[in-house]
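Counting from 1, position 112 in the first sequence corresponds to residue 936 in our numbering; the numbering is continuous, with no gaps.
A virtual CB, placed ideally from N, CA and C, is assigned to each residue, including glycine.
Predicted, not measured: the structure shown is a model, and the values here were computed from it.
Taking it in order: structure first as structure tokens, then the write-up.
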Amino acid sequence: MGNSLYQNLRAGLMAALESLKASGALPSDISFANVVLETPRDATHGDFATNAAMVLAKAAAQSPQAIAQNILPHLQKLPQVKTAEVAGPGFINIFVHDADLFAQAQSIPQLKNAYGKLDLSGGQKALVEYVSINPTGPIHVGHGRNAVFGDAIANLLEKAGYPVYREYLMNDAGGQIRVLVRSLHARYLQLFGQQVEVPADGYPGEYVIDIAQKLKDLDGDKWLKVTDDEELFQGLRKFAVDACMDMIKPDIKTMGITFDNYFSEWDMHQTSRMPEAVKLLRDKGYVFEGTLPPPKGKEVKDYRPVELTLFKATAFGLEEDQPIYKRNGEPTYFGQDIAYHYDKLQRGYQLLVTVIGAAQAGSFRPLEKAIEALTGEKGHYHPVPYELVKVLRDGQPVKLSKRAGNIVLLSDVLAETGADAFRFTMLTVKPTTLLTFDLAKAVAKNMENPVFYVQYAHARLCSVFRQQAELGLTDLPGLTPQTVTLTPASRAVLQMLVQYPLVIELAAKALEPHRLATYAHQLAGAIHHWYAAEKWLNPEDKAATASALAVAQAAQTVIADALALCGVSAPQSM
RNA sequence: GUCCUUGUAGUUCAAUGGAUAGAACAAGGGACUCCUAAGCCCUAGAUUCAGGUUCGAUUCCUGACAAGGACGCCA
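And the structure:
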């Protein structure tokens, strides 16, 4: 994986530390876990900097200065390093040769999207589960946030070297589907002129009428006389679910997202996954029959203790045990979730990522413990909570609720902003921030959207190469490290390109794709700055032109790659 | 009452424990005879409060205060 200057340099730093350990200059039991090679904000602090001396000082019982002085000679011996110096409280600032920076630039266009590619998987396969909206209605804006993050995380993990499987969990077996079917049937009866109300707790949205119409077109009056709830559920479940998925899938497609699998919970329950998982947990002593204490949050008048099948979450330090089956024998959501994740594990995935609404965030802890119990290992389950989107319409917050019917549909927003703008806007903000999405701004003033700033940088680069062809500036000299000319502005761009692998690594490890968007925006800024500061195409100075274009080509590769990971297009012109 | 998330510029948001806390919009002021002005340059403007850990805290811990959310066998 030594295809980047950054990775090579970090390897050199770690080797230096190891040799100091071997020579006795550092204690033999010292840990380098907290040592980082970073890219300083301030360019005068070097191309790279490390905190090694400071973080090792205590364990080594030496001053940061003394350790730094020991490390320095090793770093200075590295071929890429021009100078290395101790600064501030014990930073080691490293400047590399322009020639090495430039060599990196030249290699990037050839590497294409292999540049920044890592192998962090450790042999693990990743399953990223996202969107997973209940098939009971259309997608709203908040769900779009889930989709954008899940897809970007999947892209990011692939870049980081994981085999990635993208999955949508269809909750097509639960109580909400029964509610949907009841609502559908009510609408269906209305189409036949019957005075029936949609159930109070049902889905009042108009889309249910459309589905009812389809049902009428398809089956005629077949369901007119049917009154038995269970018979209706059995008969109409799949039809209702499919109709809702038909509303959901186009929006997913519009965003440029494809899933490897739509996982049906109903289908899973036709298999023995759930009993298998429960038996496994029972055999390990984590499942038992017991009663739960009364709920704490609110007064429950009709509370009666009932014996249920429980998961022993308290064995893992949680407050309460969790029911796996309801009193009527149906699995609880938690129970289904155990089975579903057991299924993921059985399919050979070890890194289980789920983009999950913050409202459910409290419930992922028991699941985390259940997976721990199943595997005997920690660290398989990685929930990524995301907050709701607060939508402003005419400056007033709009409440998002499928049940209330006053939702802001994702398809409406996408139609107005476009997929690129929507995705990038969502990605510039970390998922745990309660995001305020101002419709007026997103729609009317989309010229101010940061996505255009980044895409424009890419388009400008493309434009320069078109100009180059028009000017016939094709007989450029081959460059050697001696003939390379870097200016402050082009060097700044190059510095940003060099840290790309680090950005990938940090974003992938933290499952935080918004860092990519932030990085892309910063890189675009450096490109615009450079573009305005200097003219790249200069027929009078072909060596300088060649240098500039080599950096520009590398920049084009990286910004296009970063945009691709975000799921955003990189236009040739705008 | 318990738990989760979040408090950064007038506003919307950034900042792997790191050096002078960055952008954008809004405000004020500039620069094209020149590769795309959806761009560039300059000015002003912020870490809720109090402790603690650390060489170093916006970041980690504790406690206030504030906002949003969850709290039976609902998904």
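Can you round the beta-carbon distance between Ala884 and Leu850 to whole angstroms, since I take them to be within the 8 angstroms contact cut? On the first sequence, residue 884 is found 60 positions in, with the first residue counted as 1. On the first sequence, residue 850 is found 26 positions in, with the first residue counted as 1. Rounded, the Cβ-Cβ distance is 5 angstroms, consistent with contact.
Can we say the stretch 969 to 979 touches the stretch 1006 to 1016, given the rule of at least three CB pairs closer than 8 angstroms? Verdict: no, contact absent.
Would Val1275 and Asp1244 qualify as a contact pair, given that the criterion is a beta-carbon distance under 7 angstroms? As a working note, residue 1275 is residue 451 in the first sequence. As a working note, residue 1244 is residue 420 in the first sequence. Remark: C-beta atoms of Val1275 and Asp1244 approach each other more closely than 7 angstroms.
How many angstroms separate the CA atom of Asn858 from the CA atom of Leu1361? By 1-based counting over the first sequence, the position of residue 858 is 34. By 1-based counting over the first sequence, the position of residue 1361 is 537. Those two C-alpha atoms are separated by around 44 angstroms.
Lys1226, DSSP secondary structure in three states: Within the first sequence, the letter at position 402 stands for residue 1226. Low local confidence applies: a pLDDT of 48 at Lys1226 is under 50, so the model's placement there is unreliable, and no value is given.
Identify the residues that DSSP records as bridge partners of Ile1148: which are they? If you number the first sequence from 1, residue 1148 lands on position 324. Ile1148 is not bridged to any residue.
Checking the sheet assignment: what are the DSSP bridge partners for Ser1088? As a position in the first sequence, residue 1088 is number 264, starting the count at 1. Note: Ser1088 sits in a beta bridge opposite Met994.
Is the distance from the Cβ of Tyr939 to the Cβ of Leu1326 below 7 angstroms? The count along the first sequence starts at 1 and reaches residue 939 at position 115. The count along the first sequence starts at 1 and reaches residue 1326 at position 502. Inclusion of Tyr939 and Leu1326 in the CB contact set at 7 angstroms is not warranted, their separation being larger than that value.
Evaluate the contact criterion for the stretch 929 to 947 versus the stretch 1313 to 1327: three or more CB pairs, one atom per stretch, below 8 angstroms. yes
So, for Gly1080: in the same chain, excluding its five sequence neighbours on each side, which residues have a beta-carbon less than 7 angstroms away from its beta-carbon? Walking along the first sequence from the start, residue 1080 turns up at place 256. Excluding positions up to five away in sequence, the list reads Ala1243 and Gly1391.
So for Gly1159, helix, strand or coil by DSSP? Position 335 of the first sequence, counted from the first residue, corresponds to residue 1159. If DSSP states are grouped into helix, strand and coil, Gly1159 belongs with the helices.
Pick from Pro1023, Glu1240, Gly914 and Val1253 that is closest to Thr1078, judged by C-alpha positions: Locating residue 1078 in the first sequence gives position 254, counting from the first residue. Measuring from the Cα of Thr1078, the nearest candidate turns out to be Glu1240.
Just to confirm, are Leu1297 and Ala1370 a CB contact at a threshold of 7 angstroms? Counting from one through the first sequence, the residue named residue 1297 turns up at place 473. Counting from one through the first sequence, the residue named residue 1370 turns up at place 546. Not a contact, by the Cβ cut-off of 7 angstroms.
Contact set for Leu1105: own chain, Cβ-Cβ below 8 angstroms, skip 5 residues either direction: What you label residue 1105 is simply residue 281 of the first sequence in a count that begins at 1. Here the set comprises Val1111, Phe1135, Ile1162, Ala1194, Ala1197 and Leu1198.
Is the beta carbon of Ala1368 closer than 7 angstroms to that of Ala1384? Position 560 of the first sequence, counted from the start, is the residue given in the question as residue 1384. Position 544 of the first sequence, counted from the start, is the residue given in the question as residue 1368. Their beta carbons are not under 7 angstroms apart, which means Ala1384 does not touch Ala1368 by this criterion.
Relative to the C-alpha of Tyr992, which candidate in Asn958, Pro962 and Val1003 has its C-alpha closest? The residue labelled residue 992 in the question sits at position 168 within the first sequence. It is Asn958 whose Cα lies nearest to the Cα of Tyr992.
Just grab the DSSP bridge partners of Phe919 for me. Residue numbering aside, residue 919 sits at position 95 when the first sequence is read from its first letter. Phe919 is bridged to Thr907.
If you draw a straight line from the alpha carbon of Ile1076 to that of Cys1286, how long is it in whole angstroms? Within the first sequence, residue 1076 is the residue found at index 252, counting from 1. Within the first sequence, residue 1286 is the residue found at index 462, counting from 1. Distance between the alpha carbons of Ile1076 and Cys1286 is about 30 angstroms.
Which residue from Ile1148, Lys1265 and Gly1172 puts its Cα closest to that of Leu1216? The residue labelled residue 1216 in the question sits at position 392 within the first sequence. Ranking Ile1148, Lys1265 and Gly1172 by Cα distance to Leu1216 puts Lys1265 first.
In its own chain, which residues sit with a C-beta less than 7 angstroms from the C-beta of Ile1033, not counting the 5 before and 5 after it? As a first step, residue 1033 must be located in the first sequence, where it is residue number 209. Only Arg1011 meet the Cβ criterion.
Below 7 angstroms between beta carbons: does that hold for Pro1255 and Tyr1210? Taking the first residue of the first sequence as 1, we reach residue 1255 at position 431. Taking the first residue of the first sequence as 1, we reach residue 1210 at position 386. Result yes, Cβ atoms of Pro1255 and Tyr1210 sit closer than 7 angstroms.
Quick check on Ser843: buried or exposed, where buried means 16 or more other Cβ atoms within 10 Å of its Cβ? The residue labelled residue 843 in the question sits at position 19 within the first sequence. That one is exposed.
Nearest candidate by alpha-carbon position, reference Gly1172, set Lys1049, Trp1090, Ala1313 and Gln948: Counting from 1 along the first sequence, the entry for residue 1172 is found at position 348. Closest by alpha carbon: Gln948.
In the DSSP assignment, what residue or residues form a beta bridge with Asp853? Along the first sequence, one-based indexing puts residue 853 at 29. For Asp853, which the question treats as bridged, DSSP gives no partner whatsoever.
With DSSP run on the structure shown, which of helix, strand or coil describes His1204? Locating residue 1204 in the first sequence gives position 380, counting from the first residue. Residue state, collapsed to three classes: coil.
Go ahead and pull the three-state DSSP assignment for Val1392. If you number the first sequence from 1, residue 1392 lands on position 568. Coil at Val1392, not helix or strand.
For Ser887, which residues from the same chain have a beta carbon less than 7 angstroms from its beta carbon, with the 5 sequence-adjacent residues on both sides left out? By 1-based counting over the first sequence, the position of residue 887 is 63. Ala881.
Is the distance from the Cβ of Thr1252 to the Cβ of Ala1341 below 7 angstroms? Counting from one through the first sequence, the residue named residue 1252 turns up at place 428. Counting from one through the first sequence, the residue named residue 1341 turns up at place 517. Closer than 7 angstroms, so yes.
Helix or strand or just coil, what does DSSP make of Phe1083? Position 259 of the first sequence holds residue 1083. Coil at Phe1083, not helix or strand.
Among the residues of its own chain, which have a CB less than 6 angstroms from the CB of Pro1305, if the five just before and after it don't count? If you number the first sequence from 1, residue 1305 lands on position 481. For Pro1305, where only same-chain residues beyond five positions count, the Cβ hits under 6 angstroms are Ala923.
Relative to the C-alpha of Leu1389, which candidate in Ala984, Gly1017, Ala1137 and Ala1283 has its C-alpha closest? Within the first sequence, the letter at position 565 stands for residue 1389. Of the residues Ala984, Gly1017, Ala1137 and Ala1283, the one whose Cα lies closest to the Cα of Leu1389 is Ala984.
Please report the straight-line C-alpha distance between Gly1229 and Gly966, rounded to a whole angstrom. Residue 1229 sits at position 405 when you count from the first residue of the first sequence. Residue 966 sits at position 142 when you count from the first residue of the first sequence. Because the pLDDT at Gly1229 is just 49, under 50, the model does not fix this residue reliably, and the point stays unresolved.
Proximity test, Ile854 beta-carbon vs the ligand MN heavy atom, cut-off 6 angstroms: With respect to the ligand MN, the structure offers nothing, as it holds no ligand at all.
Residues near Lys906 by beta carbon distance below 7 angstroms, same chain, minus five either side: Counting from 1 along the first sequence, the entry for residue 906 is found at position 82. Residues Phe919, Val920 and His921 of the same chain have their beta carbon placed closer than 7 angstroms to that of Lys906, with the five preceding and five following residues left out of the count.
Out of Cys1068, Asn917 and Ala876, point me to the one whose CA is closest to Leu1004's CA. The count along the first sequence starts at 1 and reaches residue 1004 at position 180. For the residues Cys1068, Asn917 and Ala876, the minimum Cα distance to Leu1004 belongs to Cys1068.
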